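Once you know that position 130 of the sequence shown is 130 in full-length UniProt numbering, the rest is easy, because the numbers rise by one and skip nothing.
We put the CB at the ideal spot given by N, CA and C, even for glycine.
If you're wondering where the values come from, they're calculated on a predicted model, not measured in any experiment.
Below: the structure, in structure tokens.
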Amino acid sequence: MAVRFGVLGPLVAQDARGPVELKGPRHRAVLARLLVARGRVVPAARLVDDLWEDPPDGAQAALQTFVSALRRALEPDRAPRAPARLLVTEGPGYALRAEPDAVDAWRFEDAVSATADLLAAGRADAALARVDEALALWRGPAYAEVDGFPWARAEIARLDELRLLAGERRAEALLALGRAAEAVPDLEGHTEAHPWREEGWRLFALALYRAGRQGDALAALRRARKVLADELGVDPGPALRGLEADVLAQAPRLTPTRPVPALVGRGEELDRLLDAAATAATRGRLGLVLLSGEAGAGKTALAEAAAARLSAQGWTTAWGGNPEHEGVPAGWAWTRILDTLEGPGPESEAGADPVTARFRWHRAVGAHLARTARQAPLLLVLDDVHWAGEETLALLAAVVTEPVPAPVLVVAAYRTTEVSPELAEFLGRVARTEPVRLYLGGLPQTAVPDLVRDATGLVVDEETAAVLHRRSAGNPFFLRELARLLDAEGTDGLAAVPPGVRDLVRYRAGKLPEDVGRTLRMAAVAGTQVDPCVLSAAAGQDVLDALETAMAQGFLTEELRFSHDLVRDALYQDVSPVRRARWHARIGEAIERLRPGDVEALAHHFLLAGSDRAAGYARAAAEQAEARFAPHEAVRLWRAALDAHDRSGSDDVRTRLELVMGLVRALPFTGELGQARRYREEAVTLAERLGDPVFTARVIGAFDVPAIWTEHDDPALAARLAAVAERTLEALPPEETAARGRLLATLVLELRNTGGARADEAAREAEEIARRLDDPPLLAFALNARFMRSFGTAGLAPERRRIGEELLELVIRHGMVTFEVLARLVLVQAHAALAGFAVADEHAAVADRLAADYRLPLVAPFTRWYRALRTAVTGEPAEAAYRDAADGLAGTEMSGVDNGIGAFALLCHRISQGRLPEDGEFGGYAPWCRPLVLLGAGREGEARAALAAVPPSPRDLLYEARTCLHAVAAVELGGELSTLYGELLPAAAELAGAGSGMLTLRPVAHYLGDLATALGRPDEAAGHYRQAAAVAARAGAPHWAAAARTGYRPLS
């Protein structure tokens, strides 16, 4: 839990452990001053002036003491010398980096603003709830402990004004809800305490009038006139004068009337939906409506009413539902929609890799919708999107975010109580398109008589309507169920039924004949859509009569779908687990006979039945999901197949290995690299047991994920896999040339920067085989291996640029998207090293675009680091950008990257700016950082000892950065200057560390100049400084160019 702060009353802070001890008044004043600044930096000199009217001697030291104490209190788990993340030092002062919702005053302000929006949207009930929640945050006067400080008074006055405004908006919400009498007492006190606020008088008089107190309303308006005249010498404004005239005339507009709804209780929502359709038709572009509410709120009914209205106006309508439990194919809702539309549909493209094919399929669907809508406006309804699979949501997002240039309205309906992570991601992706959002809450009690009459023909009195509304909370589905019960049993039956749909459904189902109830429950197990042939085969008898009875009783529609998913859910849960498993098995067997190609449904039922057949069908369904570009669904099914195989007790190692291979193949596309590595190790172990080197080579090579970072995430696993690869190479038959090439490239990627001559030899042979076989995928993999071996000396960025350029040309020609991302990132690194940031920026932008188009989650961490590097090059403070980049590595399972890189980048940034370094958690980079940290702290003896212990730098993406830091310490403390000079000289034209694409120091030539100066070579030093200035100018870093011209050393 992040630290939360309270200022609407006594100043408090609280973390997961409870209240935080904030010490004395000055400590609390420092914290309050930073909270008032709302995240902005407050210079230390300003803080001193704000804390003391006449600052004493040692005020700066005292301030540092207060800050240190606050840091210990607010971040008690922070490691010694680790940088603070909440109360931070930045530039000349301090800032409090609290989360946006961490301060009660900030939450209060947001809530007051939201209340205005809710009132404007006609959602007075939500506005009342929000403003009550906001006012409850106040525990006393704001910033009471520091109200004597001038800097606090303006903020206190602002918050007090917002509190008054919140009170007025609360009254406005009560008036809109018809609860005028409740608003009167608070408004009377409000006008007494704040007699000059005309809005308070207006609301008070209006509340009195709507409460039936016309005389009191006029008296209040006259008091307001007198107060304003006596105290301020002004007349009331137009709003008060107009209200007084309306009260005298008893103007009808003072008592708004409810419009007659076109749909029971949903007239306003239907109008908004139809307005969205009119907008889409007028603009000729796709529009999106997000229709949400709890289960049974009437989302489907509203969409159906809109579809009927638009169909009568000449629109084409198509509908796609998303069943919850059925094993339907990926993208099923879109299949239903595309089947409905006339004309030739879009075609998927064979032969492309899954990522490319999926992207092109999405574009083809959008083009098809545009063609259809040019004939007549098009309405697409995707119902129950909370149950939608990955492919349905991905295609919907693609259609919406790549706007279709034709009159199309998409309505996506979902339950607000069942928002999956996938749906939440979709809603985030489409938010920038500014969709129309329609939320369906409960109906008001005034709508109950109309709904009951519509459902049953009954006319109910006000008392019965109140009972129905109380039992249902206005949920239309609950109301219709209760209305049918009322029709069957009368009001006595209503009183006997416990609340909740499950009890209602169970009560109604209990009235059915026994065979009908049994058939209906088996149908619930079969799925939302009832197939009478399958159900008859599973039941062992004809079920048509039973289904007709269920239709007559309102459980099923004429299309043999359950009238509501809640009905089906209640019936399904009413079946015991043992019977449920048996029925799933029977239904699976029936589908096997009648629809043997429906592998998704077969997998679904046999998995829930715990059948031995589950693994085979789950595997077939997983392969089908991969073919439909749905990797998340494929991963789920591969896992289910593997679990089912293990539960079966089978000792068929080869079959199990094939299932594990399928999972390994799918996991990288979902970003689950750690899982893929673990399953891959298991697969390799199993493969070796089979004694088949060709098969083992296939298993090892199945994980052909492009690699950009030179340090392995799991070195121990990499070593084991490399050893297996070597053994397999020795046993591989000579004719298996392609398998040998892939195995060699895999060996290099496992060895990365630790393989020495053997890795160099393997990379060369893999590339030679790929070129000889003219195998583009293998050549792309081999070029990745060659990239991994391009760090033998410093200064090889031009070589990596050539590798990236060849790889990019190859993969664009052959449509290999994941390797195109690799090529772009290689070129980002190479051009950044050579200070060619205009080109690097272009490649980074394309990489981001590809990641967004193809949903590749592991690209953003690298481009986020590159953006931090770019900020650092400009000379701007980049600490926040680097911290954000480091945070972005969380959850990626890329431990080889996230190995102290955040603290290392911050140290490099400070060194490059000529500032003293700060200590941090440097991880594997600590040996190169410790001498500089100790030197900056004035601990020269310890720094010399640390310098003596610095090992040779690994030859990887950060070789130049580590070596330059080594050189900085050696120049100041004395060391192996000639050795360091010789190592760095080949990289004289590069920026130190920028070849990583993640962080940077100054130009390498600057550090060569420092080394040459220390070696007593002034002419060579001058030449290096001139080159450093030229590289800095090319990089757009004038501060580095100026430092090079003066030969400035930051730690001197």
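Classification of C929 by the beta-carbon crowding that lies within 10 angstroms, buried from 16 upward: Under the 10 Å beta carbon count, C929 is surrounded by 16 or more other beta carbons and is classified as buried.
Close-in-space but distant-in-sequence residues of the same chain around A766 (CB under 6 Å, 5 per side omitted): Same-chain partners within the cutoff: G741, L744, A745, A782, A785.
Inter-residue spacing [alpha-carbon to alpha-carbon] between Q60 and A44: The straight-line gap from Cα to Cα measures roughly 8 Å.
Alpha helix (DSSP H) segment containing G941, residue limits: Taken as a continuous stretch (DSSP letters only), the alpha helix (DSSP H) holding G941 covers 940-948.
For A1021 and G1047, the rounded distance between their alpha carbons: For G1047 and A1021, the distance between alpha carbons rounds to 9 Å.
Stretch-stretch touch, CB-based, cutoff 8 Å, three pairs: the region 642-650 with the region 612-619: At 8 Å Cβ cutoff, the stretches touch.
Beta bridge counterpart(s) of V410 as assigned by DSSP: DSSP lists L288, L380 as partners of V410.
CA-to-CA distance, L63 to P1003, given in whole angstroms: If you take the alpha carbons of P1003 and L63, they lie about 38 Å apart.
Cβ contact (3+ pairs, closer than 8 Å) linking the region 401-409 and the region 279-299: Between the region 401-409 and the region 279-299, the count of Cβ pairs shorter than 8 Å is three or higher; the stretches touch.
contact_flag[the region 132-151, the region 77-93] where n(CB pairs < 8 Å) is 3 or more: In this structure the region 132-151 does not lie against the region 77-93, because fewer than three pairs of beta carbons, one per stretch, are closer than 8 Å.
Beta-ladder partner(s) of R4, from DSSP: For R4, which the question treats as bridged, DSSP gives the partners Q14.
Buried/exposed call for P513, threshold 16 Cβ in 10 Å: By the 16-neighbour rule on beta-carbons within 10 angstroms, P513 is exposed.
Exposure label - E990; buried when at least 16 CB within 10 Å: The residue is buried, with at least 16 neighbouring Cβ atoms inside 10 Å.
Helix, strand or coil at P1003 according to DSSP, with G and I counted as helix: P1003 falls in the strand class under three-state DSSP.
Short Cβ contact (8 Å threshold) for H584 with V525: Yes; because the gap between Cβ atoms is below 8 Å, this pair is in contact.
Of the residues L8, A73, G891, the one placed nearest D15, counting alpha carbons only: If you compare the alpha carbons of L8, A73, G891 with that of D15, the shortest gap goes to A73.
Segment contact flag, the region 31-49 with the region 145-156, C-beta cutoff 8 Å, min 3 pairs: Flag = yes, the region 31-49 and the region 145-156 touch.
Within the region 18-78, ranges of the alpha helix (DSSP H) (whole runs, at least 4 residues): Assignment of alpha helix (DSSP H) within the region 18-78, counting only whole runs of 4 or more residues, yields 25-36, 44-51, 59-74 in chain order.
Chain-order list of residues whose beta-carbon lies under 7 Å from that of V430 (same chain, five-residue window excluded): Result list for V430: L288, A397, V400, T401, in chain order.
R855 (DSSP reduced to helix, strand or coil): Per DSSP, reduced to three states, the secondary structure at R855 is coil, with no helix or strand assignment.
CA-to-CA distance, A124 to V184, given in whole angstroms: Between V184 and A124, the C-alpha separation is close to 17 Å.
Local conformation of Q529 per DSSP, three classes: DSSP places Q529 in strand when its eight states are reduced to three.
A276 and V436 closer than 8 Å at C-beta: Closer than 8 Å, so yes.
Counted within 10 angstroms of its Cβ, other Cβ atoms place A495 as buried (16 or more) or exposed: Summary for A495: the model assigns pLDDT 46, below 50, so the residue's position carries little reliability, and this model does not support an answer.
Member of L1001, M998, H1024 whose CA lies at the smallest distance from the CA of D1010: Taking only the C-alpha atoms, the option nearest D1010 is H1024.
Close beta carbons around A262, own chain, < 7 Å, minus the five adjacent residues each side: Unreliable positioning characterises A262 in this predicted model, as indicated by a pLDDT of 39, which lies under 50. A coordinate reading is not provided.
Buried or exposed by the 16-neighbour rule on C-beta atoms within 10 Å, applied to I812: The residue is exposed, with fewer than 16 neighbouring Cβ atoms inside 10 Å.
Expected contact under 8 Å - CB spacing of V664 and R689 to nearest Å: Contact between V664 and R689 does not hold, since the beta-carbon distance rounds to 17 Å and is not under 8 Å.
Whether residue 1106 touches A885 by CB criterion (8 Å): An answer regarding residue 1106 cannot be provided, because it is not within the stretch 1 to 1052 covered by the chain.
Beta-carbon proximity of L479 to V448, cut-off 8 Å: Between L479 and V448, the C-beta spacing is below 8 Å.
Through-space distance from V684 to E672, alpha-carbon basis: Between the C-alpha atoms of E672 and V684 there is a straight-line separation of about 18 Å.
R955 in three-state terms, based on DSSP: R955 sits in coil when the DSSP states are folded into three classes, being neither helix nor strand.
Segment contact flag, the region 797-809 with the region 966-973, C-beta cutoff 8 Å, min 3 pairs: Cβ pair count under 8 Å is below three, so no.
Limits of the unbroken alpha helix (DSSP H) element including A330: No alpha helix (DSSP H) contains A330, which DSSP labels as neither H nor E.
Rounded straight-line distance, which links the Cα of D246 to that of R213: Using only the alpha carbons, I get a separation of about 14 Å.
When V839, G178, E168, A173 are compared against L187, the one with the closest alpha-carbon: When only C-alpha atoms are compared, the closest one is E168.
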